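Numbering (the working numbering), first residue to last: 3 to 126.
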């Protein structure tokens with residue numbers, strides 16, 4: 003997908019004299035290095051989308067970058083912000099709870115043990 007967008011935009015390495023041959027060579031290199039993944043290729047289904055039109059720099063930004071930003075990065079950032087907010091709330095609740103437990107344990111004057119059974123400290 004990235005190669006198609008770079009090819010359509012006419013940016014390096016596709017800004018040379020014969021960009022189609024460069025694309026063919028790069029696709030062949032990828033095919034050769036990913037030979038063991040061909041089973042997954044056979045199992046994959048096309049998304050049915052047409053390739054992008056020939057692109058200038060502004061078109062590349064619009065069709066490639068803006069769609070990724072608006073379709074993936076912003077929604078993902080929103081989901082992660084919600085999770086982060088929930089975790090911060092949990093952290094605050096746990097900190098408050100542990101402070102309350104510390105207050106209760108401290109105000110017992112040393113008459114509490116880890117098992118919760120009250121033991122009076124002997125004074126010598």
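Note that beta-carbon positions come from the ideal geometry of N, C-alpha and C, so glycine has one too.
Bear in mind that the values here come from a model prediction, so they are computed numbers and not experimental data.
- Query: How about residue 6 and residue 54: do their beta carbons lie closer than 8 Å?
  - Reply: Going by C-beta atoms, residue 6 is nearer than 8 Å to residue 54.
- Query: Among the residues of its own chain, which have a CB less than 7 Å from the CB of residue 75, if the five just before and after it don't count?
  - Reply: Taken in chain order, the list of residues that qualify is empty.
- Going straight from the alpha carbon of residue 65 to that of residue 97, what length do you get? Going from the Cα of residue 65 to the Cα of residue 97 covers about 47 Å.
- Message: Once DSSP output is grouped into helix, strand and coil, what is the label at residue 81?
- Response: In this structure, residue 81 counts as helix in the three-state DSSP scheme.
- Item | Burial state of residue 101, where buried means 16 or more other Cβ atoms lie within 10 Å | Residue 101 comes out exposed.
- Between the C-alpha atoms of residue 20 and residue 78, what's the straight-line distance to the nearest angstrom? Their backbone Cα atoms lie some 39 Å apart in a straight line.
- Message: Tell me which residues share the same chain as residue 15 and place their Cβ nearer than 7 Å to its Cβ, disregarding the 5 neighbours each side in the sequence.
- Response: Apart from the 5 residues on each side of it in sequence, residue 15 sits with its Cβ closer than 7 Å to the Cβ of 24 in its chain, given in chain order.
- Task: Could you tell me whether any non-hydrogen atom of the ligand ZN is closer than 7 Å to the CB of residue 17?
- Result: This structure lacks the ligand ZN, and indeed carries no ligand of any kind.
- Task: Keeping to the same chain, check which residues put their C-beta closer than 7 Å to that of residue 28; ignore five residues upstream and five downstream.
- Result: Within the same chain, residue 28 has close Cβ partners 5.
- Message: Tell me the DSSP secondary structure of residue 27 in three-state form.
- Response: In this structure, residue 27 counts as helix in the three-state DSSP scheme.
- Item | Rounded C-alpha distance that separates residue 8 from residue 26 | Spanning the two alpha carbons is a distance of roughly 13 Å.
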